[in-house]
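So for the sequence shown, this note's numbering puts the first residue at 9; every next one is plus one. Report on one structure; see the data block that follows.
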Amino acid sequence: MNINTVNEGVRKNVRKDRVGRGPGSGNGKTAGRGMNGQRSRAGFSQRATFEGGQLPLARRIPKRGFNNKNFADVVESVSLKSVVRKCDPSVEVTPEVLEEKKIIASKSSIVKLIGADELSAAYKFKVHRVSEGAKAAVEKAGGSIEILPGKKPVVKNKMKVKTKKAA
Numbered sequence: 009m010n011i012n013t014v015n016e017g018v019r020k021n022v023r024k025d026r027v028g029r030g031p032g033s034g035n036g037k038t039a040g041r042g043m044n045g046q047r048s049r050a051g052f053s054q055r056a057t058f059e060g061g062q063l064p065l066a067r068r069i070p071k072r073g074f075n076n077k078n079f080a081d082v083v084e085s086v087s088l089k090s091v092v093r094k095c096d097p098s099v100e101v102t103p104e105v106l107e108e109k110k111i112i113a114s115k116s117s118i119v120k121l122i123g124a125d126e127l128s129a130a131y132k133f134k135v136h137r138v139s140e141g142a143k144a145a146v147e148k149a150g151g152s153i154e155i156l157p158g159k160k161p162v163v164k165n166k167m168k169v170k171t172k173k174a175a
């Protein structure tokens with residue numbers, strides 16, 4: 009950034025051009041609007057998306073298809089590290105407790121426990137999903153994990169070609 013460009017684009021304390029005040033001003037007679045046409049008339053206004061009669065961009069883009077964003081399940085990952093940092097080992101860790109401690113955004117979302125950190129205390133978890141590393145770490149520390157009922161994970165490609173087993 010240069011010192012001469014600091015106030016570029018800022019028109020503070022600058023008088024507005026007085027257009028239509030004779031030929032000496034440089035913007036006399038038609039006041040910089042040209043000769044005739046829609047733009048030269050008083051009270052002319054045009055929406056920002058107008059493209060001069062060309063088919064607008066909003067109408068050129070295809071709008072068919074389905075978007076699953078509104079219906080997709082929200083899976084929130086919770087690391088063991090964040091649970092150890094914010095939760096007490098004597099309390100059972102549930103989605104409600106995680107929301108209360110601000111580890112997850114909503115108790116209605118699907119909670120997946122992740123991480124393979126070593127735990128110093130035995131925690132009791134009630135979550136929807138758990139990674140293998142997190143499960144091993146919790147069981148090693150003497151804790152337990154209860155899987156809450158919920159929707160099963162979506163199979164991405166059901167029609168996947170199965171590989172032939174070596175005989």
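For glycine and all other residues, C-beta sits at the position ideal for the given N, C-alpha and C.
Taking the straight line between their C-alpha atoms, what separation do you get for residue i and residue j?
{"i": "residue 124", "j": "residue 83", "result": "19 Å"}
{"i": "residue 65", "j": "residue 58", "result": "9 Å"}
{"i": "residue 108", "j": "residue 75", "result": "32 Å"}
{"i": "residue 96", "j": "residue 16", "result": "55 Å"}
{"i": "residue 23", "j": "residue 42", "result": "23 Å"}
{"i": "residue 44", "j": "residue 13", "result": "37 Å"}
{"i": "residue 179", "j": "residue 91", "result": "Because the chain spans 9 through 175 in this model, residue 179 falls outside it and cannot be assessed."}
Count the other CB atoms, across all protein chains shown, that sit within 10 Å of the CB of residue i; report buried if there are 16 or more and exposed otherwise.
{"i": "residue 50", "result": "exposed"}
{"i": "residue 103", "result": "buried"}
{"i": "residue 184", "result": "With the chain covering 9 to 175 only, the question about residue 184 has no answer from this structure."}
{"i": "residue 133", "result": "buried"}
{"i": "residue 127", "result": "buried"}
My output table needs one value for residue i: the three-state DSSP class, helix, strand or coil.
{"i": "residue 135", "result": "strand"}
{"i": "residue 121", "result": "strand"}
{"i": "residue 104", "result": "helix"}
{"i": "residue 155", "result": "strand"}
{"i": "residue 48", "result": "helix"}
{"i": "residue 147", "result": "helix"}
{"i": "residue 92", "result": "helix"}
{"i": "residue 140", "result": "helix"}
{"i": "residue 87", "result": "strand"}
{"i": "residue 64", "result": "coil"}
Rounded to the nearest angstrom, how far is the Cβ of residue i from that of residue j, given a contact under 8 Å?
{"i": "residue 177", "j": "residue 86", "result": "No statement about residue 177 is possible, as the shown extent of the chain runs from 9 to 175 and does not include it."}
{"i": "residue 48", "j": "residue 38", "result": "7 Å"}
{"i": "residue 36", "j": "residue 29", "result": "6 Å"}
{"i": "residue 81", "j": "residue 159", "result": "6 Å"}
{"i": "residue 129", "j": "residue 149", "result": "7 Å"}
Taking residue i as the reference, give the member of the options with the closest Cα.
{"i": "residue 94", "options": "118, 77, 131, 12", "result": "131"}
{"i": "residue 119", "options": "129, 105, 126", "result": "105"}
{"i": "residue 146", "options": "122, 116, 62, 17", "result": "122"}
{"i": "residue 89", "options": "115, 141, 61, 116", "result": "141"}
{"i": "residue 137", "options": "154, 46, 22", "result": "154"}
{"i": "residue 135", "options": "13, 152, 71", "result": "152"}
{"i": "residue 116", "options": "99, 143, 157, 56", "result": "157"}
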